[in-house]
Every structure is written in structure tokens, then in C-alpha cells.
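**Student:** Before I ask anything, let me first share the structure, which is written out below as C-alpha cells.
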Amino acid sequence: MTHSIAILGASGYTGAELVRVLSTHPDMEIKTLTGDRKAGMAMAEVFPFLRHLDLPLLQRIDEVDFGGIDLAFCALPHATSQSVIRALPSDLKVVDLSADFRLRDADAYRKWYGKPHDAPELQAEAVYGLTEFYRDQIRRARLVAGTGCNAATGQYALVPLIKASVIDVDEIIINLITGVSGAGRSLKENLLHAELSEGTNAYAIGGTHRHLGEFDQEFSKLAGRPVEVQFTPHLAPMNRGILATVYVRGDGQTVYDTLSAAYAGEPFIQMLPFGAAPSTHDVRGSNYVHVGVAADRREGRAQVFVALDNLTKGSSGQATQNANLMLGIEETTGLTMAPLFP
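The sequence shown maps to residues 1 to 342 in UniProt numbering.
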């Protein structure tokens, strides 16, 4: 059975990545693409790398007939998705790639995003979309909230360790390097080539990054008490990719064995040999996650390394993996493409 798909916000990076991934999916067909500012244009005009595909023209969301659509991906900006999704048919399955439904608590949303949530009833309904840890809930969900790409990376390093109580949750430091596409396609002065290339910088310092809300929510839930990690992201002059180095207090071999056991049956998570660290090059353009562990020179401390592609496994690939589950399709369908190299 082929499922009819709509992509709302197809003119952004995550929308284009969804088209790239779904274009070879055997059980999904893209029927509708929206992009309000580029309505009437062909995707080949907006993204020439997609010109080989026969795709519908971009249109405005208010022009879409959702009657024949089985699932909609919502790749719209934060604070826009909630009002759009609230107006969609109540029986339509939706995977949202924005931040609007990631946080379950209304006060937490207000804290991190600076405004009240406009659809609290949907906020309560949404299932958090980190597939490996919410697989059963996602299968039954109507609305799935895709995770933040940085938040997903940190959680792959830490969720099994917190769940197994093998690290000190009060001593967690996450240093993370991310590519520029994570900031979206809108023009920003600090992302101009002349200002970004040949350098790197920390941003959202001092515990201000919004993905900390997801860390707080998920880690505190697992630990049964408040957990607050230290987290500093760094912007690197690369298009795609995230590499996290996570410092923990715990025995290195135990940390490695715990993660290896947790991910033994996971199709998209690859454990490296003990003492090896991954590279963003090795996951680029793929839905795979590479995880490494090394013991620190100080006894009882370890580092966990996680690499993934922010646009694929961190966003659109993750969204497709979740959609597969929601539609009763084999979870890995359309997602086993090899990483791009070099």
C-alpha cells in the first residue's frame, strides 16, 4: 500500500531533506508540498538538486485539500506549527519537525520559548519523537514531536546511562559542535560565508540554549528527580553534522558495556570499538548514529562521543522513521542509504 504524504514547509532545509529521503521511499508518495512565500513555484526552482524528480508545485497551506492525505510532515518554523497543526483535520497523522510540541509542560514551553503555547491540548497529546526510546508510543500516536537535533545527540549518549544508574547525573557536561544548516535557511548575518568560514564559536552560552528544555525533561523523568546538565554548543563552518563530546563520572568500561547492550538491536546506531571516537564525515547524509566511548585518564570518569547528521537522523530522517511506525511500515524503510563520502 502506498501512503499519500504532504510536506508543509517544503522550501526549508528540513523540507528539502524530507523530499530527498522520501523520493525513493517505496511506500510513501509525495502528493502535496507547501511553501507560502514560494507558492506556485516548482521545487526545481527552489532546490535545483531536486530537478530530476516529478513533484507537485508548491502551494499555500490554506489551499491544500487534506482529504486524501494519510500523513503530513510539518517542517514549519517554531511558533507557526502549533496554529497550523491545530487547524488540520483531527484524524490526520502528523509528524512535526519544529519545537512546538517537544515539551510536555506548558510552563517549560513558556520558559524556553518566551510565549504561551497556543495549542496546549495538542501539547498534551504529542508523543516525543526520539524513536529508539519511544517506539511503542509512536506506533500508536496521531501527533509526534520531532526532537531537537542537538537534544537527540546528547540523549543518545546519556539516556541508557541514566536509565541504568551507571553515571553521576549531577556531573554531566555536553560539548557539541554543529553545522550551519541547523540554523535554518533564513538569512542571518553571522552565517554569511565571510563571517563563518575559517573559524568557530560557542553560542547560547551560560545555559540558554532551548534544547536544554528537552534535556531537563527527559533526563529528570529517567532519574526521578531534577537533572540539569551543562551544555555548550559550538557553530562550525560545515554544512551538516553534529559531534558531541559528553563528559561523565562513571567507569569507562561500564559506560561502554551499558551503551552497547542498549543499542545492540538498533538498526541505525553503531557502537565503535572501545576507545574510538566517531567523525561527522562518517554519518553525513545518513540516518545512522555513531557512538564511541573512551576512559578518561582520571579513574572513574569517561567520555562519550556521538556523531549524527542534523538534517537526517537529527530531523527529517528521524521524522521518516517515526512516520514509518505510525503508518505500519517497516521502520527502516527508505532510510538505509549509505552515508556520503568524502
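We put the beta carbon where it would ideally sit given N, CA and C, even for glycine.
All of these numbers come straight from a predicted model, not from anything done at the bench.
1. Helix, strand or coil for Asn322 per DSSP?
2. Name the DSSP beta bridge partners of Arg249, please?
3. Just tell me which of Arg20, Phe341 and Glu331 has its CA closest to the CA of Tyr134.
4. Hey, quick one: how far does the beta strand (DSSP E) through Thr178 stretch, first residue to last?
5. Please report how far the alpha carbon of Ser90 lies from the alpha carbon of Gln82, in whole angstroms.
6. Roughly how many angstroms lie between the CA atoms of Asp65 and Ala87, to the nearest whole one?
7. Looking at Leu97 and Leu71, is the spacing between their C-beta atoms short of 9 Å?
8. Just to confirm, is the Cβ distance from Met326 to Gly285 under 9 Å?
9. Taking Cβ to Cβ, would you say Gln270 is nearer than 9 Å to Val246?
10. Would you call Thr200 buried or exposed, if buried means 16 or more other Cβ atoms sit within 10 Å of its Cβ?
11. Give the range of the alpha helix (DSSP H) segment to which Ala223 is assigned.
12. The alpha helix (DSSP H) that contains Gly154, what's its start and end?
13. Just the C-alpha distance for Thr80 and Gly275, rounded to the nearest angstrom, thanks.
14. Could you check how far apart the C-beta atoms of Thr147 and Glu228 are, in whole angstroms? I think they sit under 8 Å.
15. Quick check: the Cα distance between Lys111 and Met1, rounded to an integer number of angstroms?
16. Are Thr312 and Arg210 close, meaning C-beta to C-beta below 9 Å?
17. Any chance the region 159-176 sits against the region 255-263, with 3 or more Cβ pairs inside 8 Å?
18. Leaving out five residues on either side along the sequence, give the residues of the same chain with a beta carbon under 6 Å from the beta carbon of Arg142.
19. Does the beta-carbon distance from Val166 to Val95 come in below 9 Å?
20. Please state the DSSP three-state secondary structure of Gly68.
**Tutor:** From the atom records:
1. On the sequence shown, residue 322 is found 322 positions in, with the first residue counted as 1. Here DSSP, grouped into helix, strand and coil, assigns Asn322 to helix.
2. Position 249 of the sequence shown holds residue 249. Arg301, per the DSSP bridge assignment.
3. Counting from 1 along the sequence shown, the entry for residue 134 is found at position 134. Nearest option by C-alpha distance: Glu331.
4. The sequence position of residue 178 within the sequence shown is 178, counting from 1. Taken as a continuous stretch (DSSP letters only), the beta strand (DSSP E) holding Thr178 covers Ile172 to Thr178.
5. Within the sequence shown, numbered from 1, the residue matching residue 90 stands at position 90. Within the sequence shown, numbered from 1, the residue matching residue 82 stands at position 82. So the two alpha carbons sit approximately 13 Å from each other.
6. For the purposes of this step, residue 65 is taken as the residue at position 65 of the sequence shown. For the purposes of this step, residue 87 is taken as the residue at position 87 of the sequence shown. Straight-line Cα distance between these residues: approximately 12 Å.
7. Here residue 71 is taken as the residue at index 71 of the sequence shown, counted from 1. Here residue 97 is taken as the residue at index 97 of the sequence shown, counted from 1. The answer is no: Cβ separation not under 9 Å.
8. Numbered from 1 along the sequence shown, position 326 holds the residue referred to as residue 326. Numbered from 1 along the sequence shown, position 285 holds the residue referred to as residue 285. In this structure, Met326 keeps its C-beta atom at 9 Å or more from the C-beta atom of Gly285.
9. Counted from its first residue, the sequence shown places residue 270 at position 270. Counted from its first residue, the sequence shown places residue 246 at position 246. Here Gln270 is not near Val246, since their CB atoms are 9 Å or more apart.
10. Taking the sequence shown and counting its residues from 1, the one referred to as residue 200 is at position 200. Exposed, since its Cβ has fewer than 16 Cβ neighbours within 10 Å.
11. As a first step, residue 223 is located in the sequence shown; it is residue number 223 there, counting from the start. Taken as a continuous stretch (DSSP letters only), the alpha helix (DSSP H) holding Ala223 covers Leu212 to Ala223.
12. On the sequence shown, residue 154 is found 154 positions in, with the first residue counted as 1. First-last of the alpha helix (DSSP H) with Gly154: Cys149 to Lys163.
13. Walking along the sequence shown from the start, residue 80 turns up at place 80. Walking along the sequence shown from the start, residue 275 turns up at place 275. Thr80 and Gly275: Cα-Cα distance of roughly 43 Å.
14. Translated into the one-based positions of the sequence shown, residue 147 becomes position 147. Translated into the one-based positions of the sequence shown, residue 228 becomes position 228. In fact, because the Cβ distance is near 18 Å, the residues do not count as touching under 8 Å.
15. The residue labelled residue 111 in the question sits at position 111 within the sequence shown. The residue labelled residue 1 in the question sits at position 1 within the sequence shown. About 43 Å.
16. In the sequence shown, counting from the first residue as 1, residue 312 sits at position 312. In the sequence shown, counting from the first residue as 1, residue 210 sits at position 210. No, these two residues do not count as a Cβ contact at 9 Å.
17. These segments touch.
18. Working through the sequence shown from its first residue, we reach residue 142 at position 142. Closer than 6 Å at the Cβ level, and outside the excluded window around Arg142, lie Lys93.
19. The residue given as residue 166 occupies position 166 in the sequence shown. The residue given as residue 95 occupies position 95 in the sequence shown. Not in contact: Val166 and Val95 (Cβ atoms no closer than 9 Å).
20. Counting from 1 along the sequence shown, the entry for residue 68 is found at position 68. If DSSP states are grouped into helix, strand and coil, Gly68 belongs with the helices.
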